[in-house]
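Inspection log for the structure reproduced underneath, given as structure tokens.
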């Protein structure tokens, strides 16, 4: 499961590229969903919007220059009426502070009864959509993070979800992993499962926990694991123990940590390695890519994460 807050992003079809750029900017702090991906086939749009408004924690709407409005003899660029309506629908369900209105900085008509609201501006004339939304995304990211801190009360909620694991003291064997920490009644309340890659991007191991214990006072997780290399000759098996020390404030979502794990081949118990590790919370999109069938997208993602790992190396 992903413990990040849920964010719905709405826009006109003409501003879908802005919505996608905002999604990319916020995936590390929220489980995002753009309107184009949110609606089930066979249901009315209004029915689906009402359902979404009851499921998410936040919403963001792109108010661009998609339309023209004749108001008292003046023709003014304006957002689509349906986007304005949807923003009001979500504000009524979530409350105004949890609905972000991204307004084109070049100017667009806003309903008069919205005057006084704190808009977030995006640069509709920027050279790229990333540049257009980045300043707005910084502000939204802080709002979401602050809300998560105030609303996540247990250690369980703070550490559950997807994590990138970077080995920072060795170059051989598995050096990068995508792991998932989940609650599981069959594993004393906790379960860890992961996939690992070598420094050249080769998938080298699948692993899972056999026992997990949490020290809630210190946000520290201890585990015993087993794994195998499904592509290796005779499918070699491994086992070991590990510890993750999660970093963060006394309450709220935790996004990073440090730790270590030991690795021993089952056929050569004296060849034990101890690997130091860095943990960064992963987005739902990254997790789905590692579980999907798009090889090109996976190769690109792993290459980017291996590059990111260089910044954490202790060597």
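Numbering (the working numbering), first residue to last: 24 to 338.
We treat Cβ as the ideally placed atom computed from N, Cα and C, and that holds for glycine.
Comparing alpha-carbon positions, the option among 59, 53, 296 and 51 lying closest to residue 42 turns out to be 59. Under the rule that a run must span 4 or more residues, the alpha helix (DSSP H) segments found entirely inside the segment 71 to 119 read 104 to 117. By alpha-carbon distance to residue 145, the top candidate from 203, 249 and 124 is 124. About 7 Å separates the Cβ atoms of residue 86 and residue 106, confirming a contact at the 8 Å cut-off. Membership of residue 195 in any beta strand (DSSP E) is not indicated, and neither H nor E is assigned to it by DSSP.
The continuous beta strand (DSSP E) containing residue 235 extends over residues 226 to 238. Where residue 300 is concerned, the enclosing beta strand (DSSP E) starts and stops at 296 to 304. Here residue 68 is exposed: its Cβ has fewer than 16 other Cβ atoms, across all protein chains shown, within 10 Å. The C-alpha of residue 205 is placed about 16 Å away from the C-alpha of residue 303.
In the DSSP annotation of this structure, residue 40 is not part of any beta strand (DSSP E); the continuous alpha helix (DSSP H) holding it starts and ends at 39 to 49. Residue 188 has 200 and 302 as its beta-bridge partners, per DSSP. Annotation for residue 82: 31, 113 and 122 place their beta carbon closer than 6 Å to its own, counting only its chain and skipping 5 residues before and after. At a Cβ-Cβ threshold of 8 Å, residue 192 and residue 298 count as neighbours. The DSSP-derived three-state label of residue 337 is coil. In the DSSP assignment, residue 260 is bridged to 251.
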